[in-house]
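Order-wise, the sequence lines are chains A and B.
If you count the first sequence from 1, position 112 lands on 1266 in our numbering, and the numbers rise without skipping.
If you count the second sequence from 1, position 223 lands on 474 in our numbering, and the numbers rise without skipping.
Yeah, the Cβ is synthetic: ideal placement off N, Cα and C, and Gly gets one too.
Since this is a predicted model, take the numbers as computed values, not measurements.
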Amino acid sequence: MKSSTPVIVLTFIVGILIIAEFFLPGLNLANASNEVQNWGVVIAAFALGLAAVNLVRIHGRRIILRRSEWWNSALLLFFLFYMIVVGIIAGTDYIAYEFAFQNVMTPLGATMYAMLSFWIASAAYRAFVARSIEASILLISAAIVMLGNAPIGEAIWARFPALGSWIMDIPNTAAMRGIMIGAAIGAIALGIRVMVGIERGYLGGGNE
Amino acid sequence: MFIASGRVFTFFMLILLAIIIAYYIKRSREGYVPTIRPIAGLDAIEEAVGRATEMGRPVHYTPGIGALNGATAAMTFAGLEILSVVARTIARYGANLIVTIRQPTVLPLAEEVVKQAYMAEGAIELYNPDTVRYLSQEQFAYAAGVLGLLHREKAAANILLGAFWAESLVVAETGNSIGAIQIAGTARLTQIPFFAAACDYVLIGEELYAASAICSKNPIKLGSIAGQDIGKIIAVGLLVCGALLETVGISWLTQLLVK
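Written out as structure tokens, the structure is:
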């Protein structure tokens, strides 16, 4: 028996359990399904420990070997241990923990999110260069949709908002639904391959 | 009712699809090899790894930021499946690989996938335990980590296959700015346009799920793709019939679908 066989059997049983609980409430499998999902939470907690070990190992080595910009690694490890120690000893409501979270973590996340607008502008600039027929169609459609959503568009031509809505509601929605249906069926097929053990690359295995 | 209300049709469609896929897998075992159209993004993986090897720069790979449960789990699994293919190619070429991870649960799987890929290629001595790097569970902290890493390591190729949210464009645009060859794929509709704008090759929706099967050239896996195509034909047939019937005022099919 191959070493991955028990994992494949377990995957199949758990997969069938979750599917049956979703479609067949009459079987009263909710408790078993919740229990399995609770195991997932416990495994995730252990995985977080492994992730912390991975961080310490990689960044610790960077500091020891004085690799380029090693001070970033030192700062990362300092804040990692700072948050762990303060969080465990004083709790997550303690001012020193909350201060770091509210005044360091949250603004940095918001800054990265805000920078998205600049990334969108640079990506759109490249995408809208009319190099081919497809790119030209994209450019014209995007211009109409933007003019339809901006007040200046309606001021130029009253039909811009309706035309923009048509592009979004008909061709755009049709393409999106096509992708969505294909992706849903593809996900089901992948799920079946994983459940029956044909696809086990995620276990580090090869072909069937 | 025994089957949950509103899920009856879906349940029977799932069973039908499973039967069709099982039938095609059985046919493949008997020697039938379906013809699958080539996907440019997958053909480009070898080219990207070769380029990275020649330049002496690493390949960055991420299986997305989705977890192993919930609606995006299939994308994460697909990302890990293709990681296996990419890691084997890299082991063959002797290039450097950097895999960045956001979800702690994905970390041990990714480490195992990469290690087994090096072993399978007989190049375990080239395996570096620092290949798979956990960055952060915070979405934008992860994005910032990848951004810095791409700039520092000057990755020659940037491969993004899995579930992505708003960080997709940050990572893809950074890859573009450093001149990396970029291959991206996701089934998340809102992120596909970002990848299309910023990347050289994009795997759209189902192509992501089929990618590992196509790369493996395993007839049994390819058989399941053929079965999946029959499922698509059925879906299109239902769409056309439903639209025509609704147009002439007959709604029994629509009512059947929501049962």
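Asked	Found
Top-ranked residue by Cα proximity to ARG439 (chain B), from B:LEU495, B:ASN427, B:GLU418, B:ASP451	B:GLU418
CB contact check: GLY396 (chain B) to chain A, cutoff 7 Å	no
LEU495 (chain B) versus ASP1323 (chain A): straight-line alpha-carbon distance, rounded	19 Å
Assigned exposure category for VAL357 (chain B) - 16 Cβ within 10 Å defines buried	buried
Simplified DSSP state of VAL350 (chain B), which is helix, strand or coil	strand
Counted within 10 angstroms of its Cβ, other Cβ atoms place HIS402 (chain B) as buried (16 or more) or exposed	exposed
Contact under 7 Å by Cβ, GLY1345 (chain A) with ILE1162 (chain A)	no
As assigned by DSSP and simplified to three states, the class of TYR275 (chain B)	helix
Members of the segment 405 to 423 of chain B near chain A, C-beta cut-off 9 Å	ALA417, GLU418, LEU420, VAL421, ALA423
Meets three-Cβ-pair contact criterion under 8 Å: the segment 404 to 415 of chain B and the segment 316 to 336 of chain B	yes
ILE434 (chain B) beta carbon less than 7 Å from that of TYR452 (chain B)	yes
Own chain, CB closer than 6 Å to ILE254 (chain B), minus 5 neighbours either side, in chain order	PHE262
Under 7 Å between C-beta atoms of ALA346 (chain B) and ALA406 (chain B)	no
As assigned by DSSP and simplified to three states, the class of VAL509 (chain B)	coil
Residues of the segment 441 to 459 of chain B whose Cβ lies closer than 9 Å to any Cβ of chain A, in chain order	ILE443, PRO444, PHE445, ALA447, ALA448, ALA449, ILE455, GLY456, GLU457, GLU458, LEU459
Element boundaries [alpha helix (DSSP H), containing GLN1256 (chain A)]	Counting along the chain, GLN1256 (chain A) falls outside any alpha helix (DSSP H), and DSSP gives it neither H nor E.
7 Å CB neighbourhood of TYR274 (chain B) in its chain, flanking five on each side removed	GLY478
VAL1373 (chain A) classed as buried or exposed, judged by whether at least 16 other C-beta atoms fall within 10 angstroms	In the structure displayed, chain A extends from 1155 to 1362; residue 1373 (chain A) sits before or after that span and is not available.
Status (buried if at least 16 other CB within 10 Å, exposed otherwise) for ASN379 (chain B)	exposed
ALA374 (chain B) vs ASN409 (chain B) beta-carbon contact at 7 Å	no
Residues within the segment 1327 to 1350 of chain A neighbouring chain B, beta-carbon criterion of under 7 Å	MET1330, ILE1333, MET1334, ILE1335, GLY1336, ALA1337, ILE1339, GLY1340, ALA1341, ILE1342, ALA1343, LEU1344, GLY1345, ILE1346, ARG1347, VAL1348
Contacts that ALA435 (chain B) makes with chain A (C-beta to C-beta distance below 7 Å)	Within chain A, no residue comes near ALA435 (chain B); the closest Cβ sits about 12 Å away, beyond 7 Å.
Minimum Cβ-Cβ distance from ILE471 (chain B) to chain A less than 7 Å	yes
Reduced DSSP category for THR313 (chain B) - H, G, I as helix; E, B as strand; rest coil	strand
Stretch pair the segment 1265 to 1277 of chain A + the segment 384 to 401 of chain B: three plus CB contacts closer than 8 Å	yes
Closest Cα partner of ARG258 (chain B) within the set A:PHE1176, A:ILE1172, A:GLY1169	A:PHE1176
Residue of B:SER256, B:LYS277, B:PRO285 minimising C-alpha distance to ASP480 (chain B)	B:PRO285
Rounded separation between HIS311 (chain B) and GLY493 (chain B) - CA only	45 Å
Within the segment 454 to 487 of chain B, ranges of the alpha helix (DSSP H) (whole runs, at least 4 residues)	457 to 467
Under 7 Å between C-beta atoms of ASN320 (chain B) and GLY1194 (chain A)	yes
Neighbour-count burial assignment, LEU386 (chain B), 16 or more Cβ in a 10 Å radius	buried
PHE1232 (chain A) at chain B interface by Cβ criterion, 7 Å	no
Coarse secondary structure for ALA417 (chain B), derived from DSSP in three states	coil
Under 7 Å between C-beta atoms of GLY482 (chain B) and ILE1335 (chain A)	no
Interface residues of the segment 1228 to 1252 of chain A facing chain B [CB-CB below 7 Å]	none
Collapsed DSSP secondary structure at TYR1248 (chain A) in the structure displayed	coil
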